[in-house]
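Following the working numbering, the numbering of the sequence shown begins with 310 at its first residue and continues without gaps.
Note that beta-carbon positions come from the ideal geometry of N, C-alpha and C, so glycine has one too.
Quick notes on the structure that follows.
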Amino acid sequence: MYDDNRKKRVTGIKTFTGAVYKCKAVILCTGTYLRARCLCGETITYTGPNGLQAANHLTESLEKMGIELRRFKTGTPARMDGRSIDYSKMEEQFGDEKIVPFSFSTNPESVHKEQVSCWLTYTNEKTHEIIRANLDRSPIYAGIIEGTGPRYCPSIEDKVVKFSEKERHQVFIEPEGLHTNEMYISGMSSSLPEDVQLAMYRTVPGLENCKIVKNAYAIEYDCINARQLYPTLEFKSVQGLFSGGQFNGSSGYEEAAAQGLIAGINAAMSILGKEPLLLDRSESYIGVLIDDLVTKDNREPYRMMTSRAEYRLLLRQDNADLRLRKKGYKVGLISEEEYQNLLKKEQMIKEEIERLKTTFVGANQEIQDFLISKGSSPLKTAASLAELMCRPELSYELLSEIDGKRVILPENVTEQVQIEIKYEGYIARQLRQVEQYRKMEKKLIPADINYDEVPSLRLEARQKLKMFLPVSIGQASRISGVSPADVSVLLVYLEHFNRKERGRIR
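Have a look at this one:
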């Protein structure tokens, strides 16, 4: 259906059987099920993962709407019966001693459970010989697979071919769950035939007598070119149609979950007539992930890595609540009690930092003896506790011996106090960079701008800007093919445009 501006908008879903579900917003999160096919050697099964039915008709519907689709592939390793594995030939990999929950709402004491070990082993030259001898039976190298695979989690065939100088590759044996004997053979995803898989796995120390419960396989699926989305994950061409997960061309469970969360929030906000939730690159990895997806022309499954984030010094797991909980409260996902706890935590951090900066100790014998006992240089003049804490060998806890005014604070508060004081210079420098970045993000580009009317803009930049339709100068500057000179031209044009608009309104 079309709105008053002749833009398509969602009015509902019609299933293949003819049932109609009326709604104002739809979120597409098809994962790897869209026109999926699983490949194991010469065997091709037209199904989704784990034998679940593929979505075979949605692609045609999306193409009729003018949505650009791509073909990607991913893979998974075999699952094995843990009782057939000899762990004595492997290196035990223990879980974390101190378990940190994913959510700041979770009481850390409630997740202190006995950990289940993983195990480390390695492939060897015999493994590689079997793989090389059977490459002609691999769908990847036989030319059967059409889709582009992920760069950062290649199949074992790819590893052996592309890193031929490597004598071995790591293999992690991971339990599938607490109540199953199935083990996940991480690092050895494959699409080789069943007989080759068994021979290959049995060359690995500890897997000589392994029993495969589920074969490894590659899976091909349809996904979109995510440049068709706004940063809200709503399609530019269809109002009310949102998209999340691997369907957006990403790879990995965490990446998929993050997009599903944002797409869900913004679908709800659009129905409620409220402002969307937009996370930028300076405040979250989700912001980096989405900005990369909608701004860059990704030709392979996208994987989030810390190196992609320019402001990663600020994007730490320990301060996620301080960065994002106020936004969560604004969209209704954080309770009033949790919000008040956040404000209280912020206040405690601020007050303790201020106290440490204004509490001084002199160069008396007691202080000198303390510093020498901790391997630190003696003082020549008085210094604040904050200045002492900046020394690598000293910490918030160690300074408690000479801090007579300290009060007991929660661990999550003292952790932030120590980080902010110790790395104050680095953090301040990054915050200045963020300020410059946000100035560019605030320079919005009108939705109805005609790039053909922008003088002196290079042809490639003009084409890319018309293709991506960036919402801000900042986003435009990150598009491949748009140079700093093009950004300057665009800034000058927007200044003239805005001046003209202001004059017209008067």
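- Here R441 is exposed, its C-beta having fewer than 16 other C-beta atoms within 10 Å.
- By the C-beta density criterion, A756 is exposed, having fewer than 16 other C-beta atoms within 10 angstroms.
- T356 sits close to C347, with the two beta carbons spaced by under 8 angstroms.
- Pairing T430 with G515 gives a Cβ-Cβ distance under 8 angstroms.
- Going by DSSP, A785 is part of the alpha helix (DSSP H) stretching over I782 to S786.
- Here the C-alpha atom of K636 lies approximately 8 angstroms from the C-alpha atom of L586.
- Taking 8 angstroms as the cut-off, the Cβ atoms of Y611 and L602 count as close.
- Taking C-alpha positions only, P459 is separated from T352 by approximately 22 angstroms.
- Residue pairing of Q479 in beta bridges, as defined by DSSP: Y431.
- Here the C-alpha atom of S792 lies approximately 12 angstroms from the C-alpha atom of Q784.
- The C-alpha of Y450 is placed about 19 angstroms away from the C-alpha of G496.
- Ranking M776, I482 and I376 by CA distance to the CA of G790 puts M776 first.
- Ranked by Cα distance from E529, the options F381, L694, M509 and Q568 are led by F381.
- Listed in chain order, the non-local C-beta contacts of R625 below 7 angstroms within the same chain number zero, local neighbours out to five positions each way being set aside.
- For Y493, the CB contacts under 7 angstroms within the same chain, skipping 5 residues up- and downstream, are P386, R388, E483 and E485 in chain order.
- Relative to I728, the option among D712, G713 and S704 whose CA is nearest is S704.
- Out of K520, E619, C699 and K714, the CA that lies nearest to the CA of E744 is found in E619.
- Here the stretch 567-576 does not lie against the stretch 518-529, with fewer than 3 beta-carbon pairs under 8 angstroms apart.
- Between K317 and Q548, the C-beta spacing is below 8 angstroms.
- Under a 10 Å Cβ-count criterion, S370 is classified as exposed, with fewer than 16 other Cβ atoms of the shown protein chains found around its own Cβ.
- Shown here, V409 sits in coil according to DSSP, grouped into three states, outside any helix or strand.
- The DSSP assignment places 594-604 and 629-639 as complete runs of the alpha helix (DSSP H) inside the stretch 570-650, in order along the chain (cut-off: 4 residues).
- Pairing N365 with I453, the inter-Cα distance amounts to about 19 angstroms.
- The shortest CA-to-CA distance from E372 to any of K605, S546 and E609 is the one to S546.
- A straight-line Cα-Cα distance of about 20 angstroms links E400 and I465.
- K752 has its alpha-carbon roughly 14 angstroms from the corresponding atom of V798.
- In this structure, L622 places its C-beta atom within 8 angstroms of the C-beta atom of Y735.
- For the pair of segments examined, the stretch 676-686 was found not to touch the stretch 656-663: the number of CB pairs separated by less than 8 angstroms stays below three.
- C-alpha of F472 to C-alpha of C462: approximately 13 angstroms in a straight line.
- Annotation: the stretch 647-729 contains the following complete segments of the alpha helix (DSSP H) (minimum length 4 residues), in chain order: 674-682 and 694-698.
- Residue burial is scored here from C-beta neighbours: A328 has fewer than 16 other C-beta atoms within 10 angstroms and is therefore classed as exposed.
- The beta carbons of P540 and I599 sit closer together than 8 angstroms.
- Between E724 and D627, the C-beta gap is smaller than 8 angstroms, which places the two residues in contact.
- Exposure of A672 is indicated by the presence of fewer than 16 other C-beta atoms within 10 angstroms of its C-beta.
- When beta bridges are read from the DSSP output, G384 appears opposite A527.
- Taking all protein chains in view, the Cβ of Q568 is crowded by 16 or more other Cβ atoms within 10 Å, so the residue is classified as buried.
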